[in-house]
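The structure appears right after this line, and notes come after that.
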Amino acid sequence: MTDKNQQSASQQGEGSYEGTRDYDERTKQFLDKKGKDVPQLARDAADALDGPEGDELRKAEEDAKDQGGETHGQT
1 MTDKNQQSAS QQGEGSYEGT RDYDERTKQF LDKKGKDVPQ LARDAADALD GPEGDELRKA
61 EEDAKDQGGE THGQT
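This is how it looks when you write it as structure tokens:
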């Protein structure tokens with residue numbers, strides 16, 4: 001393994017520097033655009049779970065978990 005490959009491999013693992021930078025940048029962009037709306041967006045999401053599409057949303061969440069996706073804010 002070359003030094004460059006070793007360095008790249010050492011930056012990977014549970015997460016990666018590149019993935020973290022990407023996440024941070026996308027989060028910043030979202031908050032710059034919608035930051036003041038986050039409380040209302042959270043209420044809307046909670047209402048959607050209690051509404052007619054709630055079962056479909058919960059199924060989509062379970063499908064994402066089954067495929068290895070993460071659900072942020074839940075353990």
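Just so you know, the numbering used here puts 59 at position 59 of the sequence shown, and the rest follows in order with no gaps.
All C-beta atoms, glycine included, are put in the ideal place defined by N, C-alpha and C.
(request) Go ahead and pull the three-state DSSP assignment for residue 68. (result) Along the sequence shown, one-based indexing puts residue 68 at 68. The answer is coil: DSSP assigns residue 68 none of H, G, I, E or B.
(request) May I have the straight-line CA-CA distance separating residue 67 from residue 14, to the nearest angstrom? (result) Taking the sequence shown and counting its residues from 1, the one referred to as residue 67 is at position 67. Taking the sequence shown and counting its residues from 1, the one referred to as residue 14 is at position 14. Taking the straight line from one Cα to the other gives about 17 Å.
(request) Report the rounded CA-to-CA distance for residue 19 versus residue 29, giving the unit in angstroms. (result) Within the sequence shown, numbered from 1, the residue matching residue 19 stands at position 19. Within the sequence shown, numbered from 1, the residue matching residue 29 stands at position 29. Whole-angstrom Cα-Cα distance: 15 Å.
(message) Please state whether the Cβ-Cβ distance between residue 45 and residue 54 is less than 8 Å.
(response) Position 45 of the sequence shown, counting from 1, holds the residue named residue 45. Position 54 of the sequence shown, counting from 1, holds the residue named residue 54. Residue 45 places its beta carbon 8 Å or farther from that of residue 54.
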